[in-house]
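Top line first, the protein sequences correspond to chains R and D.
Mapping of the first sequence onto my numbering: position 62 corresponds to residue 941, and the numbering continues sequentially without gaps.
Mapping of the second sequence onto my numbering: position 63 corresponds to residue 942, and the numbering continues sequentially without gaps.
C-beta atoms are modelled at their ideal positions from N, C-alpha and C, and glycine is treated no differently.
This structure is a prediction, so every number in the text was calculated from the model and none was measured.
Working notes, beginning with the structure itself.
There are 2 protein chains.
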Amino acid sequence: MTATIDLAVSTVIFALRPDPADPDAPHVLSIPLVRRTRDPFARRWALPGGAADAGESLADTAARKLRETTRLQPAYLEQLYAFGDPDRSPTGRVVSVVYWALVRPDLADQAAEGENVRWFAADDLPELAFDHNRIVAYALWRMRTKVEYSRIAQAFLGETFTLSELRRVHEVVLQRSLDPANFRRQMEGSTAIVATDAVQTGGRHRPPRLYRYDTTVRLADNGPLTDAIPGTD
Amino acid sequence: MTATIDLAVSTVIFALRPDPADPDAPHVLSIPLVRRTRDPFARRWALPGGAADAGESLADTAARKLRETTRLQPAYLEQLYAFGDPDRSPTGRVVSVVYWALVRPDLADQAAEGENVRWFAADDLPELAFDHNRIVAYALWRMRTKVEYSRIAQAFLGETFTLSELRRVHEVVLQRSLDPANFRRQMEGSTAIVATDAVQTGGRHRPPRLYRYDTTVRLADNGPLTDAIPGTD
């Protein structure tokens, strides 16, 4: 059988945001979703994305669709997976190449929000369009297995951060508590982060030291490939 | 711009095989290639693959095309990457979803070979069709970064193996010598392999012990996704 196969791109963007269910609780892993205006799955929430464009790279299309729907512009997208089950769309065969990215809180705040674009806690989603719940579950798994061996936490923080802030990111991503003393020892013994001469201001008795990542190491090692998006670096 | 995008699937299959340049040398990482019979790139060697089929999952199409062209039937394919640069094919936009697999020597021997199907040393390829050299380079990188933390070497060996055989697989994949005593200590301290009661026969003075992998652990951890091919397990 040979019939048409449509190609789409979608993006899972993670940021640490206030929990919509409890704004006073610690921030949670969150993703922006877009409400569909058409069938199939009209009114359901879905990942930002759309049809691939013959003149654009897949990563460029993913970035453009993301910008058009949410106004978010991450500097780096990594390809997650091509989802291609024959029955994943009720209206014909659609293969979706999915990208993922992490966004710092200050950039996440610039996202459009309204009736049709909204941040959701990644672990507490409604029933999404297509197989998007499964896609988010896979993206969460990939991030959680990756945070321990690369610098993913960096993408959630600003240029500099305290060890407590860094530990909190790891705790949210890994969904478990980490012993502060052990974490400090581990990080101070690592070559990944570098102490700066600055401390965090705010009038506390013993202001905590600020650290930064060693930027000579790439955020996510994608080997000989790159999905850097032209013009956003 | 909206125009047609063709979707293809291709597969990179690695096996340890005799070096075509020196049949008496240690085995090398090898891949089977198929000679193209049509333009573009007629007569050039290319990865086994073809057009995606609207009624089949991507992994099923990859496995079928592989079987049809090379007679190889790996039990497990893992998705590598979707290659989608706008200019990767001279005759229109083609996005290729690429799978990879590892094949044991006894199964690799069953591959068709002839004028239009042949094994090549993966590190010594001619100029291939499309961007297939780049795809193989990425597959090599992915395998070399993965062999240290998962059980990839298992796929290159039979059910049981000696520690020398296991070390040789690691050496070929990682392209460096490993100290035999260190390697033995590391493997004996790992829970990944289990000593059997058997030794390798062959009339040597001190026949080496045979080991097997602990099969309760999956070969490659693909998380909540699976690309197992129905009917091949």
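Within-8 angstroms CB hit, residue i to chain D
i      : result
R:G929 : no
R:P969 : no
R:V976 : yes
R:L956 : no
R:L945 : no
R:L926 : no
R:L886 : yes
Proximity test, Cβ basis, 8 angstroms: residue i and chain R
i       : result
D:E1044 : no
D:R972  : yes
D:T883  : yes
D:E935  : yes
D:A961  : yes
D:V907  : no
D:D964  : yes
D:T1111 : Note that D:T1111 scores a pLDDT of 41, beneath 50, so its modelled location is shaky and nothing firm can be said.
8 angstroms Cβ cutoff met for residue i and residue j
i       : j       : result
R:V977  : R:S889  : yes
D:V891  : D:L937  : no
D:T1080 : D:T1039 : no
R:H1049 : R:L1057 : yes
R:A930  : D:R972  : no
R:L1019 : R:A1001 : yes
D:I1014 : D:L895  : no
R:T883  : R:P919  : no
D:R1047 : D:Q989  : no
D:A995  : D:R1055 : Correcting the residue type first, residue 995 of chain D is Asn in the shown sequence and not Ala. Their beta carbons are not under 8 angstroms apart, which means D:N995 does not touch D:R1055 by this criterion.
C-alpha distance - residue i paired with residue j, whole-angstrom precision
i       : j       : result
D:A1077 : R:R1023 : 40 angstroms
D:L1042 : R:Q952  : 50 angstroms
D:T1070 : R:G993  : 52 angstroms
R:D885  : R:E935  : 15 angstroms
D:A942  : D:L956  : 8 angstroms
D:A961  : R:A961  : 7 angstroms
D:A991  : D:W998  : 10 angstroms
D:G963  : R:A954  : 19 angstroms
D:A887  : R:G1068 : 47 angstroms
D:Y1092 : R:S968  : 40 angstroms
R:P1087 : R:V1073 : 14 angstroms
R:L1045 : R:A1032 : 7 angstroms
R:T916  : R:R922  : 6 angstroms
R:P965  : R:W924  : 21 angstroms
R:A1034 : D:V1052 : 32 angstroms
D:R1085 : D:P1005 : 43 angstroms
D:W979  : D:R1021 : 10 angstroms
R:D1003 : D:L1089 : 49 angstroms
D:D901  : D:F893  : 18 angstroms
D:Q1065 : D:A1016 : 29 angstroms
D:D939  : R:D939  : 28 angstroms
Residue(s) in a DSSP beta bridge with residue i
i       : result
D:T890  : D:Y978
D:Q958  : D:Y978
D:G929  : D:V888
R:V1015 : None, per the DSSP bridge assignment.
R:A1000 : R:S909
R:V1078 : R:R1088
R:D898  : R:D901
D:W924  : D:R914
The ligand MN heavy atom lying under 7 angstroms from the CB of residue i
i      : result
D:S909 : Among the components of this structure there are no ligands whatsoever, and the ligand MN is therefore not found.
Cutoff 8 angstroms: residue i Cβ touching any chain B Cβ
i      : result
D:G928 : The chain labelled as chain B is not found among the protein chains of the depicted structure, namely R and D.
Report task. Please determine if the region 890-909 of chain D and the region 981-993 of chain D are in contact, where contact requires at least 3 C-beta pairs separated by less than 8 angstroms. Result -> Enough Cβ pairs lie closer than 8 angstroms, so yes.
Report task. Inspect the CB distances between the region 940-953 of chain D and the region 909-921 of chain R and report whether three or more fall short of 8 angstroms. Result -> A contact is defined here as three or more CB-CB pairs under 8 angstroms, and the region 940-953 of chain D fails this definition with respect to the region 909-921 of chain R.
Requested in this report: Take every Cβ of the region 1057-1068 of chain R, pair it with every Cβ of the region 1010-1025 of chain R, and state whether three or more of those distances are shorter than 8 angstroms.
Outcome: no
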